[in-house]
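**Q**
There are 2 protein chains.
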Amino acid sequence: MSLDHHVPGIVDVAAKAGVSLSTVSRVLSGRTRVSDALRAKVEAAVAELGYRPNAAAQSLVSGRRSTVAVFARNTIRYGYAATLQGIEEAARAAGYVVLIAVVESADPDDISRAVNTALSHPLAGAIVIEFDKVGVETLAALPPSLPVVAAAGARRAAGDTPHAFLEDAAGGYEATRYLLSLGHSTVHHLAIPATRPRSGRAWGWRKALLEAGATVPPIVQASYSPTSGYDSAQKLTSDPSITALLCGNDELAIGAARAFQENGRRVPEDVSIVGFDDQPFARMWMPALTTVRQDFVDLGRRTFGLLEEWLAQGRRPADSAVTPTLIVRESSAAPSQERATA
Amino acid sequence: MSLDHHVPGIVDVAAKAGVSLSTVSRVLSGRTRVSDALRAKVEAAVAELGYRPNAAAQSLVSGRRSTVAVFARNTIRYGYAATLQGIEEAARAAGYVVLIAVVESADPDDISRAVNTALSHPLAGAIVIEFDKVGVETLAALPPSLPVVAAAGARRAAGDTPHAFLEDAAGGYEATRYLLSLGHSTVHHLAIPATRPRSGRAWGWRKALLEAGATVPPIVQASYSPTSGYDSAQKLTSDPSITALLCGNDELAIGAARAFQENGRRVPEDVSIVGFDDQPFARMWMPALTTVRQDFVDLGRRTFGLLEEWLAQGRRPADSAVTPTLIVRESSAAPSQERATA
DNA sequence: TTGTATGCGTTATCAT
DNA sequence: ATGATAACGCATACAA
Chain A
1 MSLDHHVPGI VDVAAKAGVS LSTVSRVLSG RTRVSDALRA KVEAAVAELG YRPNAAAQSL
61 VSGRRSTVAV FARNTIRYGY AATLQGIEEA ARAAGYVVLI AVVESADPDD ISRAVNTALS
121 HPLAGAIVIE FDKVGVETLA ALPPSLPVVA AAGARRAAGD TPHAFLEDAA GGYEATRYLL
181 SLGHSTVHHL AIPATRPRSG RAWGWRKALL EAGATVPPIV QASYSPTSGY DSAQKLTSDP
241 SITALLCGND ELAIGAARAF QENGRRVPED VSIVGFDDQP FARMWMPALT TVRQDFVDLG
301 RRTFGLLEEW LAQGRRPADS AVTPTLIVRE SSAAPSQERA TA
Chain B
1001 MSLDHHVPGI VDVAAKAGVS LSTVSRVLSG RTRVSDALRA KVEAAVAELG YRPNAAAQSL
1061 VSGRRSTVAV FARNTIRYGY AATLQGIEEA ARAAGYVVLI AVVESADPDD ISRAVNTALS
1121 HPLAGAIVIE FDKVGVETLA ALPPSLPVVA AAGARRAAGD TPHAFLEDAA GGYEATRYLL
1181 SLGHSTVHHL AIPATRPRSG RAWGWRKALL EAGATVPPIV QASYSPTSGY DSAQKLTSDP
1241 SITALLCGND ELAIGAARAF QENGRRVPED VSIVGFDDQP FARMWMPALT TVRQDFVDLG
1301 RRTFGLLEEW LAQGRRPADS AVTPTLIVRE SSAAPSQERA TA
């Protein structure tokens, strides 16, 4: 009945129901007893008015926050997007809303800008997707007063920010062992950028090689994209001693596969190629890609779970690991006889 | 110096600077003249205290909102994720923050739950990624009082919600004409779910076929995933009259390509396969995928631009189209001679 | 069990 | 140009 586009507030509900402000508030929060009669009247008024609580006002007065910020370098790439999806899913189930803040680069300006705008909103806590340097820096820039957890690409130092992480060192180790068991004398590695030394896929790869007494070839550094994989693999295609290549992700793997194939090296007859992640396209690849599956959605869910636990229990939760699994498909095989005997 | 984990407010700044509340507010908003002397003192206090304005309190009293909600069916799939990225980028540049609300299904419960939780926060406006039925329904569920714009997969009816959209009918048309020009007698279509009749990729495909006087084969319906493409294409692989297949997206295309190849039909020698989107993996495919590129990031940026314009000008903006481009690569070719003469 | 009064951090209005 | 004060919508301590 208001003249303007008036958004109904708790006062309007109270008026319509013929009760006081506080009664309405109590009915809505449900934390105090209210007689059935009044409760019914209030609920009717709420429905009729289409009343929606104002979260801003709520958090202002109660200090209770219902939004969590997710800081991420990007939202497109598979791992990031899937992690975000998992976080959102868990957050929504728990009654939280997620605010997404992409941090363009590790430039302190970009970081503090992202942090400042996000923190000006009432946050219950923050999650940073720490798959890269930007994530590491963002983590460092967040105030200690805010509950912060991380979705990490690899285990972080203990005593640090609580985090859920991918046991990707284990994945790299398993994939390398598998390749070695096929008869390859060593395995090369086409790597994504590392966030931490002595951890991650590359670390597991190295460990497997050392244990087997195989030579550890120099790591070939790439970025994340298929083109980067293609370009970086070029320098390897002419070396016939390379018979197995472990790639930091599936995109690198398909880029590398193309590079080899264009040079007349067949996959897997001449070179075995193994990826990481198991993106949806991997199993449709020709040949279907052998890869280390990482469940990013689960990682996201767990990460939010950590934050939720922290908020509920009031103390920092224990870290949580998600284990990758090797999916053997068509892009890997024993080295061809001719090479083996060569 | 506060005993507790006290978050500094405008009062603390005022006290430290030795000025009144209002002066601090004025310095921060910058909308009123303040003497340089006081301004300097305030700025020093702000820096020293690490003061951050409380957006909740601001929007509560001023009615000015700085967050926009994005409703989407999902955040993983390429088109959605890239659109989100574009939206976020533009929003951040304009000083807005984005809240992501994924809507699980078209179930009214899921929709109203998502809408309610998002709308309980102070929103400047909302954006719905309307690539599917869920998006269409969500759009319908949003209150008319809120500025809402859409990022659409195809042009919507006029007079409707302002939207930026992919001219994908044009893309379907161009791709089909291209295939026809290669000498294929007709083109089959493996479709993603349609949101609207008489629009979209399928509509353009149909138009090109009709114009050329070619027969219009029944549409083969698929979902979005590579496996769906693979499964749905199975029934086509044994039909030698099929020499060209236009797929609703790249994932379908690679699934279909595998299905054909497993059945001994070579790509492109026996069947030409064309995708849609130009996802990063497309150019690395073997053979590299001919596809219709759609710039989702740009779509996202434009969509936010629409909302921004609406908010600034106070009136609904005009729709905005993003044009796809056909990228010819290796997966398409003229039909083989044997078939042509058969 | 219900109602009244106070205040959360900020901007806007009104004085000075 | 600057300061005092009233709201914004809601939760809660306190009074009834």
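Chains as they are written, first to last, in the numbering used here: chain A, 1 to 342; chain B, 1001 to 1342.
Virtual Cβ for every residue (Gly too), placed ideally from N, Cα, C.
Please read these numbers as outputs of a predicted model, since none were measured by experiment.
Closer than 8 angstroms, CB to CB, is residue 1258 of chain B near chain A or not?
**A** yes
**Q** Can a CB atom of chain B be found closer than 8 angstroms to the CB of residue 331 of chain A?
**A** no
**Q** Considering only C-alpha positions, which residue in the set A:241, A:240, A:269, A:274 is nearest to residue 256 of chain A?
**A** Closest option to residue 256 of chain A, Cα to Cα, is A:274.
**Q** Using only CA atoms, which one of B:1125, B:1111, B:1115, B:1092 lies nearest to residue 110 of chain A?
**A** B:1092
**Q** Closer than 7 angstroms by beta-carbon distance: list the chain A residues that pair up with residue 1303 of chain B, in chain order.
**A** What residue 1303 of chain B touches in chain A: nothing, since even the nearest Cβ is about 15 angstroms away.
**Q** For residue 7 of chain A, tell me which candidate among B:1040, B:1023, B:1021, B:1060 has the shortest Cα-Cα distance.
**A** Comparing Cα positions, the closest option is B:1060.
**Q** If you measure from the beta carbon of residue 1263 of chain B to each beta carbon in chain A, is any gap under 8 angstroms?
**A** no
**Q** Using only CA atoms, which one of B:1120, B:1225, B:1244 lies nearest to residue 1332 of chain B?
**A** B:1244
**Q** Please identify the residue among A:323, A:190, A:327, A:329 whose C-alpha is closest to the C-alpha of residue 155 of chain A.
**A** A:323
**Q** Since I believe residue 1307 of chain B is in contact with residue 1070 of chain B (beta carbons under 8 angstroms), could you give me their beta-carbon distance rounded to a whole number of angstroms?
**A** With a Cβ gap of about 10 angstroms, residue 1070 of chain B and residue 1307 of chain B do not count as contacting.
**Q** Any residues in the stretch 1134–1149 of chain B with a beta carbon nearer than 9 angstroms to a beta carbon of chain A? Which ones, in chain order?
**A** Sequence-ordered contacts of the stretch 1134–1149 of chain B with chain A read 1143, 1145 [C-beta pairs closer than 9 angstroms].
**Q** Going by the DSSP bridge assignment, what does residue 1189 of chain B pair with across the sheet?
**A** Answer is B:1246, bridged to residue 1189 of chain B.
**Q** To which residues of the same chain is residue 310 of chain A closer than 8 angstroms at the C-beta, ignoring the five residues directly before and after it?
**A** So the list reads 125, 147, 149, 162, 316, 317, once near-sequence residues are dropped.
**Q** What three-state label does DSSP hand residue 281 of chain A in the structure shown?
**A** Coil at residue 281 of chain A, not helix or strand.
**Q** Residue 84 of chain A versus chain B: which residues are under 7 angstroms apart at the beta carbon?
**A** Neighbours of residue 84 of chain A on chain B, chain order: 1075.
**Q** Strictly below 8 angstroms CB to CB, what residues from chain B border residue 345 of chain A?
**A** The displayed coordinates of chain A run from 1 to 342. Any statement about residue 345 of chain A would go beyond what the structure contains.
**Q** Taking beta-carbon pairs under 8 angstroms, can you tell me which members of the stretch 1114–1127 of chain B lie near chain A?
**A** 1114, 1116, 1117, 1118, 1119, 1120, 1121, 1122
**Q** Residues of the stretch 95–114 of chain A in Cβ contact with chain B at a cutoff of 9 angstroms, in chain order, please.
**A** For the stretch 95–114 of chain A, which is checked against every Cβ of chain B, the residues closer than 9 angstroms are 95, 96, 97, 98, 99, 100, 101, 102, 104, 113, 114.
**Q** Using a Cβ-Cβ cut-off of less than 9 angstroms, give me the residues of the stretch 198–232 of chain A that come near chain B, in sequence order.
**A** 225, 226, 227, 229, 230
**Q** Output the residue ranges of the alpha helix (DSSP H) runs that lie fully inside the stretch 1054–1116 of chain B and measure 4 residues or longer, sorted by chain position.
**A** Unbroken alpha helix (DSSP H) runs of no fewer than 4 residues, entirely contained in the stretch 1054–1116 of chain B, are found at 1055–1062, 1078–1093, following chain order.
**Q** Considering only residues of the same chain and omitting the five flanking positions on each side of residue 82 of chain A, which have a CB-CB separation below 6 angstroms?
**A** Only 296, 297 meet the Cβ criterion.
**Q** Give every residue of the same chain whose Cβ lies closer than 6 angstroms to the Cβ of residue 88 of chain A, excluding the five residues on either side of it in the sequence, and list them in chain order.
**A** 98
**Q** Please compile the residues from chain B whose C-beta is within a distance smaller than 7 angstroms of the C-beta of residue 52 of chain A.
**A** Within chain B, the residues near residue 52 of chain A are 1116, 1119, 1120.
**Q** State the Cα-Cα distance for the pair residue 105 of chain A and residue 1027 of chain B, rounded to the nearest angstrom.
**A** 30 angstroms
**Q** With a Cβ-Cβ cutoff of 8 angstroms, do residue 1213 of chain B and residue 1172 of chain B count as a contact?
**A** no
**Q** Are the C-beta of residue 2 of chain A and some C-beta of chain B separated by less than 8 angstroms?
**A** Low confidence applies here, because residue 2 of chain A scores a pLDDT of 33, under 50, leaving its location unreliable; read the following figure in that light. Not an interface residue.
**Q** On the criterion of 16 or more Cβ atoms from any shown chain inside 10 Å, does residue 63 of chain A qualify as buried, or is it exposed?
**A** exposed
**Q** Anyone know if the C-beta pair for residue 1366 of chain B and residue 281 of chain A falls short of 8 angstroms?
**A** In the structure displayed, chain B extends from 1001 to 1342; residue 1366 of chain B sits before or after that span and is not available.
**Q** Using the beta-carbon of each residue, which ones in chain B are nearer than 9 angstroms to residue 251 of chain A?
**A** Going along chain B in sequence order, the residues near residue 251 of chain A (Cβ under 9 angstroms) are 1280, 1281, 1284.
**Q** Pick from B:1141, B:1197, B:1270: whose alpha carbon is nearest that of residue 1241 of chain B?
**A** For the residues B:1141, B:1197, B:1270, the minimum Cα distance to residue 1241 of chain B belongs to B:1270.
**Q** On the criterion of 16 or more Cβ atoms from any shown chain inside 10 Å, does residue 123 of chain A qualify as buried, or is it exposed?
**A** buried
**Q** Give every residue of the same chain whose Cβ lies closer than 8 angstroms to the Cβ of residue 287 of chain A, excluding the five residues on either side of it in the sequence, and list them in chain order.
**A** Cβ within range, chain order: 267, 268, 329, 330, 331.
**Q** Alpha carbons only, please: which of A:166, A:38, A:134 is nearest the one belonging to residue 293 of chain A?
**A** With distances taken between Cα atoms, residue 293 of chain A lies closest to A:166.
**Q** Nearest to residue 1094 of chain B by alpha carbon, out of B:1327, B:1312, B:1320?
**A** B:1312
**Q** For residue 297 of chain A, which of helix, strand or coil comes out of DSSP?
**A** helix
**Q** Within 8 angstroms (strictly less), CB to CB, does residue 129 of chain A reach chain B?
**A** no
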